[in-house]
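Numbering (our numbering), first residue to last: 921 to 1261. What follows is one structure encoded as structure tokens, with my remarks underneath.
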Ligand code: ASP
């Protein structure tokens, strides 16, 4: 695996398989049954220049669960970038303080520019509408776990990617990662103007997958294995786009009716979150809460073992995990994480 994780393009199928295996070995630690100190003494720099809850906190928690410590900075206001500092200078400075860096930034390509100035491993935590490789890895890990539970295989699976496929960076990384597996059937449904970039569609088709684009959710999806919904990325819209998307009125909503009428009892529903729960949003409806097919909180839980696997692999302690473990000593509730697993 290369030194940084900036795009899933740098991952061969064997690298992804390795990360899936290491993530599975991290489960007892992620679930607070075991502790490890393999990253004792290491410091993570968590640099988030765009809004984040899950990615920032789960990278932080994953590094701590490996025995390391974390320094955080959020937003431009409280960083020297507000004083005009370049990505190059920030990168050189941070490399003197940290042993790994996670960065999120609103500009596509900015995390790669930052990484070019350092030898410290850098993970892209989201670069504008570009990529979000760790999210795609945890999504694939989730699909793999859910399929094992349901006795399904990725080979021949039918996956629906819906929502904002133009600006949604998670689906850009995920579709490339999925294309290493399969053969798959991938259906893309997005509001007009928010379609998946054609270069990604061509790439997936060139790898032998069946890929179709549709403009509406009103189809029979009864053979669907995964619905992967995404939020409309309004923060990337121009004023004119905001106006033209005002009249969508829930046409692209994934809800109880859609699942009941068009999908099967074994279709799982995923979303990178956050979902927009405001009235009129075209997103994932809260009326699916409690439905066992809704995998979104199992998916967020899976962020911890996968991000632990990424750190352990980049910092080359992945082979030490099995020997460097002991049981936890504090009280752990019998069920950690979400209650509607
Ligand atoms: N949390 C994801 C991201 O940062 C998805 C989203 O914001 O809609 O890309």
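We treat Cβ as the ideally placed atom computed from N, Cα and C, and that holds for glycine. Being a predicted model, the structure only gives us computed values, none of them experimental.
Taking only three categories from DSSP, how would you classify residue 1053?
helix
Kindly provide the chain-ordered list of residues whose Cβ lies closer than 7 Å to any non-hydrogen atom of the ligand ASP.
972, 974, 975, 1046, 1052, 1055, 1088, 1089, 1090, 1150, 1151, 1153, 1192, 1193, 1194
Could you give the distance in angstroms between the alpha-carbon of residue 1078 and the alpha-carbon of residue 1188?
11 Å
Taking 9 Å as the threshold (C-beta atoms), are residue 1030 and residue 1057 in contact?
no
Whole angstroms is fine: what's the gap from residue 1198's alpha carbon to residue 1098's?
31 Å
Below 8 Å, how does it come out for the segment 1061-1075 and the segment 1099-1108: are there three or more Cβ pairs, yes or no?
yes
Contacting residues, own chain, Cβ-Cβ under 6 Å from residue 1083 (five flanking each side not counted):
1149, 1150
At 3 residues or longer, what runs of the beta strand (DSSP E) sit wholly inside the segment 1112-1136?
1130-1134
So within the segment 1007-1034, which uninterrupted beta strand (DSSP E) runs reach at least 3 residues, ignoring any that extend past its ends?
1020-1025
Would you mind reading off the limits of the beta strand (DSSP E) that contains residue 968?
963-968
Neighbourhood of residue 1240 by C-beta, 6 Å cutoff - its chain only, sequence neighbours within 5 removed
958
Cβ neighbours of residue 1223 in the same chain (closer than 6 Å, five flanking residues each side left out):
978, 1058
Is it the case that the Cβ atoms of residue 969 and residue 1024 are separated by a distance below 9 Å?
yes
Quick check on residue 1099: does DSSP put it in helix, strand or coil?
coil
Could you check what DSSP says for residue 924 in three-state terms: helix, strand or coil?
coil
Start-to-end residues for the alpha helix (DSSP H) that takes in residue 977:
974-985
Determine contact between the segment 933-944 and the segment 1221-1237, defined as no fewer than three beta-carbon pairs at a distance below 8 Å.
yes
Can you list, in chain order, the residues of its chain whose CB lies under 7 Å from that of residue 1213, leaving out five sequence neighbours each side?
1179, 1187, 1188, 1189
Do you know whose CA, among 1131, 1089, 1144, 1018, lies nearest residue 1047's CA?
1089
Three-state secondary structure (DSSP) of residue 1219
helix
Beta carbon of residue 1116 nearer than 9 Å to that of residue 1144:
no
Report yes if the C-beta distance between residue 999 and residue 967 is below 9 Å; otherwise report no.
yes
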